[in-house]
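Top to bottom, those sequences are chains H and A. Just so it is clear: in the first sequence, position 338 is 338 by the UniProt record's numbering, and no numbers are missing. Just so it is clear: in the second sequence, position 141 is 141 by the UniProt record's numbering, and no numbers are missing. We put the beta carbon where it would ideally sit given N, CA and C, even for glycine. To keep things clear, I will list the structure first and then write my remarks on it.
2 protein chains.
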Amino acid sequence: MRTIDWNDESKSVVMIDQTLLPVELNVIECKNLASLCEAIRSLRVRGAPALAAAGGFGMALAVTLSSADTMEKLLNDLKVAASTLIATRPTAVNLAWAVKRVLKATEDSYDLESIKDIVIFEAIRIADEDVEINKAIGKYGQKLLDDGDTVMTHCNAGRMACVDWGTALGVIRSAVEKGKEINVIACETRPLNQGGRITTWELMQDNIPVKLITDSMSGHVMRHGMVDKMIVGADRITQDVVFNKIGTYTHSIVAREHEIPFYVAAPVSTFDPNGWEDTVTIEQRDADELRYIGDVQIAPKNVDVYNPAFDATPMENITALITEKGIFEPPVLIDEILA
Amino acid sequence: MRTIDWNDESKSVVMIDQTLLPVELNVIECKNLASLCEAIRSLRVRGAPALAAAGGFGMALAVTLSSADTMEKLLNDLKVAASTLIATRPTAVNLAWAVKRVLKATEDSYDLESIKDIVIFEAIRIADEDVEINKAIGKYGQKLLDDGDTVMTHCNAGRMACVDWGTALGVIRSAVEKGKEINVIACETRPLNQGGRITTWELMQDNIPVKLITDSMSGHVMRHGMVDKMIVGADRITQDVVFNKIGTYTHSIVAREHEIPFYVAAPVSTFDPNGWEDTVTIEQRDADELRYIGDVQIAPKNVDVYNPAFDATPMENITALITEKGIFEPPVLIDEILA
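Dropping the structure here:
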């Protein structure tokens, strides 16, 4: 099944609850905006492209549940839903992008019913397009991987971060589909262990060999020649930096030190052509993420914690961006790529 | 109390069980070599200098429990105990150093009773000296810290890694004792979280301000000017590299990138003058350390794992070594320091 999808019969959003992986594969159903927003905030669904789908489907939920009896009221309900959805995760640009795209699509509507149809149609199209885009990213990106390569990745930019296939892991999947033998090293990605829980699980499902390491081992494994290339995803790409899961910047420095190519695979919906590093707010997450794992206490209860969800990697640390429009080496002119 | 000590009444080794920190402060008593070796292997006692004390006290246990009735038999029992102790942790040189020092001290003995006295005396002296050495390291090292500095550290090179005071954290304690205001950033240090569990706890006990981060945040916090200096301990220092907790090498690269001084604080017993990087075996630890935290599963049960306990940081990444004999900038001539 897809990571996240619209169930047109029950008018609900269905998704794999990623917080339970790899222990349990549980599908949950969000029947209203509150439960979808909770799922986004709790990272039951996460990953920039999957959040775009979640944003679109959130608008579909809103339009389905609205009791508005005029176009004006309905459009207002959608705007309120849009703000609520965008506020769940402030850094990821794709969520806002999808929500705005759905809103924009309603501009052509002429009556109440057509708005409902358009919103749902557009939300489904965003999800379908994501799969196509991932395949295109994979088609370009796989050319960068050689038979026998070991590729390191951080966090999860795989099927579970998207609707299907994946960005960084999509590139690896496309290379494997071409008959190349690829080994993966997955960094566990503290504090929420998306690498250890989700990337490993996804790749093992596909029988792609994967080895799990702690995040701080990246220097050691690179120094010992165990890594040929590194590929990560992205949460937002501005003119100057790539925002991605905290730790990405550290890996980029270590990769450059060892002359290992460092690739970022992301759809162009991740681009923020008006953004610069210092215009973006980095989400700060709960201190308890570093104090507990499940019920297990791993630090003093009241210890002071710094827990940004993302960091910024300057373009000069990146060998190339892999997108559905091709491969681009920095300096990247985002406006030209988007044109 | 000291981290580890000899109880002369019950003829046992008493220590704080560090695997239970910070949830529980539990003191355990090892009455035989098997329970002491288990405590070392399970990291109930860890940290290079504390392992030296553990090695010495292990010999004290062996001499106390031996039923040998001749000097020859007793010395043989001690040699067997020495091998058993050294085999518990292959990378840390201090453990072997202490065990050998105790063995060497018996060379002057003339009868059965004097061997017993000498072994116990020497073991206690090793522990006492460790405290004196830590204070000397602190006395030199504190000169490198300025009032208002934020110092980042990895793993635990504190009181709990030693008999008392600490090496890296001892330098910080000595600076605070001199009236300097020092803030600490502690990296949690996966997979066993010694930074999150022990360094934070130790510093909070002393009211030294400490902030906890994940290991991969080091680049991000340095890029944002949150770190003035980095200090770590060491498990073994050869002519060419410093072996320390896995992740140290990655931090050293990131520190150099941001022109942040990177100090290693360690007693000269950590020096291995005959060793080179490629002569040292890096201990590989159990895969389950990355698959579980307590009872909580954080990765697929059967995922392939790479789990070295240490990495090697080349001397050129190190600003200075802080020892009880003074501060030494690479290139370091270990033979001259030891002379």
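{"Item": "Using a Cβ-Cβ cut-off of less than 9 Å, give me the residues of the segment 295-308 of chain H that come near chain A, in sequence order.", "Value": "D295, V296, Q297, I298, A299, P300, K301, N302, V303, D304, V305, Y306, N307 and P308"}
{"Item": "Quick one: is the Cβ of M1/A within less than 8 Å of any heavy atom of the ligand MN?", "Value": "Absent from the structure shown: the ligand MN. Ligands present: none."}
{"Item": "So which residues on chain H does K229/A lean against when the C-beta distance must stay under 7 Å?", "Value": "Those do not exist, as K229/A stays about 17 Å from chain H at its closest Cβ, beyond 7 Å."}
{"Item": "Which of the three DSSP states, helix, strand or coil, is assigned to A320/H?", "Value": "strand"}
{"Item": "Measure from the C-beta of T214/H to each C-beta in chain A and report whether the shortest distance is under 9 Å.", "Value": "yes"}
{"Item": "Listed from N- to C-terminal order along the chain, which residues in the segment 245-269 of chain H have their beta-carbon within a distance smaller than 7 Å of any beta-carbon of chain A?", "Value": "I246, G247, Y249, T250, I253, V254 and E257"}
{"Item": "Taking the alpha-carbon of P261/A as reference, which of K73/A, A127/A, D146/A and V119/A has the nearest alpha-carbon?", "Value": "D146/A"}
{"Item": "Quick one: give me the first and last residue of the alpha helix (DSSP H) that N76/H is part of.", "Value": "M71 to A87"}
{"Item": "S218/A touches chain H at which residues, Cβ-Cβ below 7 Å?", "Value": "T250"}
{"Item": "Count the other C-beta atoms from every protein chain shown that fall within 10 angstroms of the C-beta of P331/A, then say buried if there are 16 or more, exposed otherwise.", "Value": "exposed"}
{"Item": "What three-state label does DSSP hand A157/H in the structure shown?", "Value": "coil"}
{"Item": "I need the DSSP call for K11/H, collapsed to helix, strand or coil.", "Value": "coil"}
{"Item": "Going by CA-CA distance only, name the one from C30/H, N244/H, I293/H and E107/H that's closest to I318/H.", "Value": "N244/H"}
{"Item": "Beta-carbon separation of A320/A and N307/A under 9 Å?", "Value": "no"}
{"Item": "Is the shortest distance between the beta-carbon of T153/A and the beta-carbons of chain H less than 9 Å?", "Value": "no"}
{"Item": "List the residues of chain H that K11/A touches, going by C-beta distances under 9 Å, in chain order.", "Value": "None at all; the shortest Cβ gap to chain H is about 34 Å."}
{"Item": "Taking the beta carbon of G179/A as the centre, do at least 16 other beta carbons fall within 10 Å, making it buried, or is it exposed?", "Value": "exposed"}
{"Item": "From this set, I282/A, M15/A and T88/A, which residue's C-alpha is nearest H224/H's C-alpha?", "Value": "I282/A"}
{"Item": "Check the Cβ of residue 343/A against every Cβ in chain H and list those closer than 7 Å, keeping chain order.", "Value": "As displayed, chain A neither begins before 1 nor continues past 339, which places residue 343/A out of reach and without an answer."}
{"Item": "Could you give the DSSP three-state label for I137/A: helix, strand or coil?", "Value": "helix"}
{"Item": "State the DSSP-derived secondary structure class of T279/A, mapped to helix, strand or coil.", "Value": "helix"}
{"Item": "In terms of DSSP beta bridges, what is C37/H paired with?", "Value": "Per DSSP, none; premise fails for C37/H."}
{"Item": "Report the start-end ranges of each alpha helix (DSSP H) in the segment 200-238 of chain H that is 4 residues or longer and not cut off at the edges.", "Value": "200-205 and 218-223"}
{"Item": "Measuring CB to CB, does R89/H end up less than 9 Å from I40/H?", "Value": "yes"}
{"Item": "Helix, strand or coil: how does DSSP classify N94/H here?", "Value": "helix"}
{"Item": "Where does K5/H fall in DSSP's three states?", "Value": "According to the sequence displayed, residue 5/H carries Asp and not Lys. In the structure shown, D5/H sits in a strand (DSSP, three-state: E or B)."}
{"Item": "In whole angstroms, what separates the C-alpha of L36/A from that of A309/H?", "Value": "41 Å"}
{"Item": "Which parts of the segment 267-313 of chain H are runs of the alpha helix (DSSP H), unbroken and 4 residues or longer, counting only runs that do not cross its ends?", "Value": "288-291"}
{"Item": "Would you call the CB atoms of A93/H and A123/H closer than 9 Å?", "Value": "Looking at the sequence shown, residue 93/H is not Ala but Val. No. Outside cutoff."}
{"Item": "Closer than 7 Å by beta-carbon distance: list the chain A residues that pair up with W201/H, in chain order.", "Value": "P300"}
{"Item": "Less than 9 Å between the beta carbons of T214/A and G158/A, yes or no?", "Value": "no"}
{"Item": "Distance, Cα to Cα, K211/A vs A186/A?", "Value": "6 Å"}
{"Item": "Answer with yes or no whether the minimum CB distance from V80/H to chain A is below 9 Å.", "Value": "no"}
{"Item": "If you compare alpha carbons, which of A98/A, D240/A, V254/A and D295/A is closest to P267/A?", "Value": "A98/A"}
{"Item": "Using the C-alpha atoms, what's the distance from V151/H back to E324/H?", "Value": "20 Å"}
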